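Enquirer:
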Amino acid sequence: MIPLTWGIMSSGLQETVRFLVIVAASTAALEGLAYVVLHRMLKHKYALPIMLILPALVAVMALVIYPFGFNIYLAFSNMSMYRFKQFSVGLSYGIQNLLDVFRHPVLQNVTFMRLLGRTVVWTVVNVFFHVLGGLFLAILLNRPMRGKAIYRTLLVIPWAIPQVIAALAWKGEFHYQYGFVNLVLQRFGFQPIQWLSDPKWAFVAVILVNIWLGIPFMMVTILGGLQSISPEYYDAAQIDGASGWHQFRSITMPLLQPVLTPAVILGIVWTFNNFNVIYLITRGGPMEGTDILVTSLYKAVFEFYRYGFGAAYSLVIFVFLLIFAGIYLRVSGGFKGVEER
Amino acid sequence: MKRFFHNSRGDSPAKRLLIHIVLICACAVAIYPFLRVVSISLRPGSALLSTDLSLIPEGASLGNYRALIMEKDFTIWLWNSVMVSVATVIVGVLLAAAAAYAFSRWSFPGRRQGLVFLLTTQMLPPGMLLLPIYVMVVRLRLFNTYTGMILSYSAGSVPFSIWLLKGYYDTIPRELEEAAMVDGAGPIMAFYRVIVPLSTPALAIAGLFSFMTAWSEFMMARVMLQKATMFTWPLGFQKLMDQFSTQWNMFAAASVLVAIPAMLLFLYSSKWLISGLTLGGLKE
Chain A
1 MIPLTWGIMS SGLQETVRFL VIVAASTAAL EGLAYVVLHR MLKHKYALPI MLILPALVAV
61 MALVIYPFGF NIYLAFSNMS MYRFKQFSVG LSYGIQNLLD VFRHPVLQNV TFMRLLGRTV
121 VWTVVNVFFH VLGGLFLAIL LNRPMRGKAI YRTLLVIPWA IPQVIAALAW KGEFHYQYGF
181 VNLVLQRFGF QPIQWLSDPK WAFVAVILVN IWLGIPFMMV TILGGLQSIS PEYYDAAQID
241 GASGWHQFRS ITMPLLQPVL TPAVILGIVW TFNNFNVIYL ITRGGPMEGT DILVTSLYKA
301 VFEFYRYGFG AAYSLVIFVF LLIFAGIYLR VSGGFKGVEE R
Chain B
1001 MKRFFHNSRG DSPAKRLLIH IVLICACAVA IYPFLRVVSI SLRPGSALLS TDLSLIPEGA
1061 SLGNYRALIM EKDFTIWLWN SVMVSVATVI VGVLLAAAAA YAFSRWSFPG RRQGLVFLLT
1121 TQMLPPGMLL LPIYVMVVRL RLFNTYTGMI LSYSAGSVPF SIWLLKGYYD TIPRELEEAA
1181 MVDGAGPIMA FYRVIVPLST PALAIAGLFS FMTAWSEFMM ARVMLQKATM FTWPLGFQKL
1241 MDQFSTQWNM FAAASVLVAI PAMLLFLYSS KWLISGLTLG GLKE
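In order, the protein sequence lines correspond to chains A and B.
According to my numbering, the first sequence is numbered sequentially starting from 1.
According to my numbering, the second sequence is numbered sequentially starting from 1001.
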């Protein structure tokens, strides 16, 4: 055991503070340079917004765009654990890697198309229940009532617990003999279920956990949307004698759309790319039966050490997510309300 | 049923009762798993595996917590995680707050593309950039430092924060800044004096999100840190996982301790949670 001494505390703190100072100094230098060049010398029309964006742009460039480019480069290589330093790069390797994604099982058993299908099911089922549950709770909460703040606070707890902890805790609760899920089932006279050793039930289990995790975000977002709908619309609808369901369809849903569309897009992206829940609860098993694209990607790279292949595979996954999100945007009518401001 | 779907004072008592019952059930589902973790953490070592469902176990004690704090490197991990997460929040929110203002108030060429691009970065599969960043970190000699980690965490949180903040700034009328500028403040001063104070909810939520991401990040930390004194808690957990699998109650105690800071922060910012989370919110 290493005790937490002042030495350890302060050495970490020193590094962090030094880092913050360097960031502040380089930002100031960058801004100064941009000010002189754009504003003083070029009298650029958009000097100010460019200056405001510049630091964020530099950070994203260095830590997202550049690694992304490097990833494309790696996709055209035969890099692996055995060829970590001396790998070769060429078009043929790129084609080889790309074909490998579709030709063979990605890991050992499951092919790309089946993983894709499973990922789509995973995403659609999860986001559907996130929105349904979130909408239901938000509507219940969106009224003057006693204990509203307490309900709201308690209902957000699944979101407030670090995902890693929540996933590992649920893993224990799906234990055949000691987990509370089966204990509760037995109390009500049902047979216990082999949650984690039967691939079908394991997939149901991870979906249940992820639904539980994702409802609070939707609830909070939708509640914000509901609160900004003016009550006058409903008063007018009541005078016209519209039923509750009718009001919901013709007032609540359309006016909620500008909030809902971005929230659903984010929900789709986050769920599609959710690594933690499945990896921590089932590790994608049993027999790769609960793997989705991103968990198999992680395994291909960090358990099978196929770096070049992994780079190509990650690009394929990225493209499929783009297509998937694009389809949703097309169907839902896109960002009309968000963009035009 | 008439006014079921919106604010109403005229709910019948029966309906109000029904709503409370439904909400209480939902709350139970939401908190029960965590209460179970708390309950397991209080179990003495002799009652490790049990089919008991009661929340306060027999012979409850804080022994697991004491063992964890006194005998493991737990406090070091917590300290390191706090430092890294706080630095991430500072850097990430500052960068995003400025950039989002530009996106909200100027229609410069490339603005739309920029916003779409930011959304696209959210779609990169987790783990995709890990290997390239690892190679960069080794070349720049940032291995075993927090610098590389904080940088990539904050860069990772910036796109979402920009979206969040832009959405919120959009709801603040421009007249307020114009009034300040009439009084002689420059645009930057107007931003600092008018917009920043008004957007506390959104800034708080952007900070909360950045904190949560950094707080439980594991993959990047595993690649970048190897010195045991520098481990953040997710790494420490990994290290102790073998022990934990036989000591489920210790794991539970550790989980409670790392969940508490995140939950407190959530509780503290919950008053801003609903108003601050405007993803392109409605305009009156």
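Yeah, the Cβ is synthetic: ideal placement off N, Cα and C, and Gly gets one too.
In this text the structure is predicted, and so the values were computed from the model without any measurement.
Between the stretch 67-76 of chain A and the stretch 304-311 of chain A, are three or more C-beta pairs nearer than 8 Å?
Expert: At 8 Å Cβ cutoff, the stretches touch.
Enquirer: Quick check on this structure: which residue in Tyr-1192/B, Gly-1167/B, Ala-1259/B and Met-1241/B has the alpha carbon closest to the alpha carbon of Ala-1100/B?
Expert: Checked all of Tyr-1192/B, Gly-1167/B, Ala-1259/B and Met-1241/B; the closest Cα to Ala-1100/B is Gly-1167/B.
Enquirer: Of all the residues that make up the stretch 150-166 of chain A, which are near chain B by a beta-carbon distance shorter than 9 Å?
Expert: Cβ contacts with chain B come from Ile-150, Tyr-151, Arg-152, Thr-153, Leu-154, Leu-155, Val-156, Ile-157, Pro-158, Trp-159, Ala-160, Ile-161, Pro-162, Gln-163, Val-164, Ile-165 and Ala-166.
Enquirer: Alpha carbons only, please: which of Thr-1120/B, Gly-1156/B, Arg-1111/B and Leu-1118/B is nearest the one belonging to Ile-1133/B?
Expert: Looking at the Cα atoms, Gly-1156/B is the closest of the given residues.
Enquirer: Can a CB atom of chain B be found closer than 9 Å to the CB of Val-124/A?
Expert: Not an interface residue.
Enquirer: For Tyr-307/A, which residues in the same chain have their Cβ closer than 7 Å to its Cβ, ignoring the five residues on either side in sequence?
Expert: So the qualifying residues of the chain are Leu-74, Met-79, Ser-80 and Val-301.
Enquirer: Take every Cβ of the stretch 1163-1179 of chain B, pair it with every Cβ of the stretch 1097-1113 of chain B, and state whether three or more of those distances are shorter than 8 Å.
Expert: With the cut-off at 8 Å, the stretch 1163-1179 of chain B and the stretch 1097-1113 of chain B touch.
Enquirer: In the stretch 31-53 of chain A, which residues sit with their C-beta less than 9 Å from some C-beta in chain B, listed in chain order?
Expert: Result list: Lys-45, Tyr-46, Leu-48, Pro-49, Ile-50, Met-51, Leu-52 and Ile-53.
Enquirer: Scan the stretch 211-224 of chain A for residues whose Cβ lies nearer than 9 Å to a Cβ of chain B and list them as they occur along the chain.
Expert: Answer in chain order: Trp-212, Ile-215, Pro-216, Phe-217, Val-220, Thr-221, Leu-223 and Gly-224.
Enquirer: Could you confirm whether any beta carbon from chain A is found closer than 9 Å to the beta carbon of Ser-1270/B?
Expert: Yes, contact with chain A.
Enquirer: Examine the Cβ distances between the stretch 259-269 of chain A and the stretch 1144-1156 of chain B and report whether three or more of them are shorter than 8 Å.
Expert: Too few Cβ pairs lie closer than 8 Å, so no.
Enquirer: Cα separation between Phe-188/A and Asn-182/A?
Expert: Computed Cα separation, rounded: 10 Å.
Enquirer: According to the neighbour-count rule (16 or more other Cβ atoms, all chains shown, within 10 Å of its Cβ), is Glu-340/A buried or exposed?
Expert: Because Glu-340/A sits at a pLDDT of 42, beneath the cut-off of 50, its placement in the model cannot be relied upon, and the following sentence gives the value as read from the coordinates. So Glu-340/A ends up on the exposed side.
Enquirer: From Tyr-93/A to Ser-77/A, what does the alpha carbon distance come to, in whole angstroms?
Expert: Rounded to the nearest angstrom, the two C-alpha atoms are 6 Å apart.
Enquirer: In chain order, what residues of the same chain have a beta carbon less than 8 Å from the beta carbon of Phe-180/A, not counting five sequence neighbours either side?
Expert: Here the set comprises Glu-173.
Enquirer: Pairing CB atoms from the stretch 22-40 of chain A with CB atoms from the stretch 1105-1113 of chain B, are three or more of them under 8 Å?
Expert: Contact between the stretch 22-40 of chain A and the stretch 1105-1113 of chain B is absent, because fewer than three Cβ pairs lie under 8 Å.
Enquirer: Who are the neighbours of Pro-55/A on chain B, taking C-beta pairs under 9 Å?
Expert: Those within 9 Å of Pro-55/A in chain B are Leu-1094, Leu-1095, Ala-1098 and Ala-1099.
Enquirer: Quick one: Cα of Arg-18/A to Cα of Ala-59/A, how far?
Expert: Going from the Cα of Arg-18/A to the Cα of Ala-59/A covers about 18 Å.
Enquirer: Kindly indicate which three-state DSSP category Ser-77/A falls into: helix, strand or coil?
Expert: Correct three-state label for Ser-77/A: strand.
Enquirer: Of the residues that make up the stretch 1073-1092 of chain B, which ones have a beta carbon closer than 7 Å to any beta carbon in chain A?
Expert: Residues Asp-1073, Thr-1075, Ile-1076, Trp-1079, Asn-1080, Met-1083, Ala-1087, Ile-1090 and Val-1091.
Enquirer: Give the interface partners of Thr-355/A over in chain B, defined as CB-CB distance under 9 Å, in chain order.
Expert: In this structure chain A extends from 1 to 341, so residue 355/A is not present and cannot be described.
Enquirer: Give the residues of chain B in contact with Tyr-298/A, contact being defined as C-beta atoms less than 7 Å apart.
Expert: The answer, in chain order, is Gly-1127.
Enquirer: When you compare the CB of Pro-1159/B with every CB in chain C, is at least one pair closer than 9 Å?
Expert: Among the protein chains of the structure shown, namely A and B, there is no chain C.
Enquirer: Go to Gln-270/A, then tell me how far its alpha helix (DSSP H) extends in each direction, as first and last residue.
Expert: In the sequence under discussion, the amino acid at residue 270/A is Trp, which differs from the Gln named in the question. From DSSP, the alpha helix (DSSP H) with Trp-270/A extends over 253-272.
Enquirer: Less than 9 Å separating the beta-carbons of Ala-1304/B and Pro-162/A?
Expert: No statement about residue 1304/B is possible, as the shown extent of chain B runs from 1001 to 1284 and does not include it.
Enquirer: Residues in the same chain with beta-carbon distance under 7 Å from Leu-1265/B, minus the five sequence neighbours each way, listed in chain order, please.
Expert: Leu-1208 and Phe-1211.
Enquirer: The ligand PLP and Met-219/A: does the residue's C-beta get closer than 8 Å to at least one heavy atom of that ligand?
Expert: With respect to the ligand PLP, the structure shown offers nothing to examine, as it has no ligands at all.
Enquirer: Which residues in chain A sit within 8 Å of Thr-1121/B, going by Cβ to Cβ distance?
Expert: Within 8 Å Cβ-Cβ: Val-60 and Val-64.
Enquirer: Can you list, in chain order, the residues of the stretch 314-332 of chain A whose Cβ is nearer than 7 Å to any Cβ on chain B?
Expert: Going along the stretch 314-332 of chain A in chain order, one finds Ser-314, Ile-317, Phe-318, Leu-321, Leu-322 and Ala-325 with a Cβ nearer than 7 Å to chain B.
Enquirer: For Phe-1218/B, which residues of its own chain have a beta-carbon under 6 Å away from its beta-carbon, when the five flanking residues on both sides are left out?
Expert: The residues are Pro-1234.
Enquirer: Just the chain B side, please: which residues come within less than 7 Å of Val-110/A by C-beta, in chain order?
Expert: Going along chain B, no residue has its Cβ under 7 Å from Val-110/A, so there is no contact; the nearest lies around 17 Å.
Enquirer: Bridge partners of Val-89/A, per DSSP?
Expert: Ser-77/A, per the DSSP bridge assignment.
Enquirer: Leu-1140/B by DSSP, collapsed to three states: which one?
Expert: In the structure shown, Leu-1140/B sits in coil (DSSP, three-state: anything other than H, G, I, E or B).
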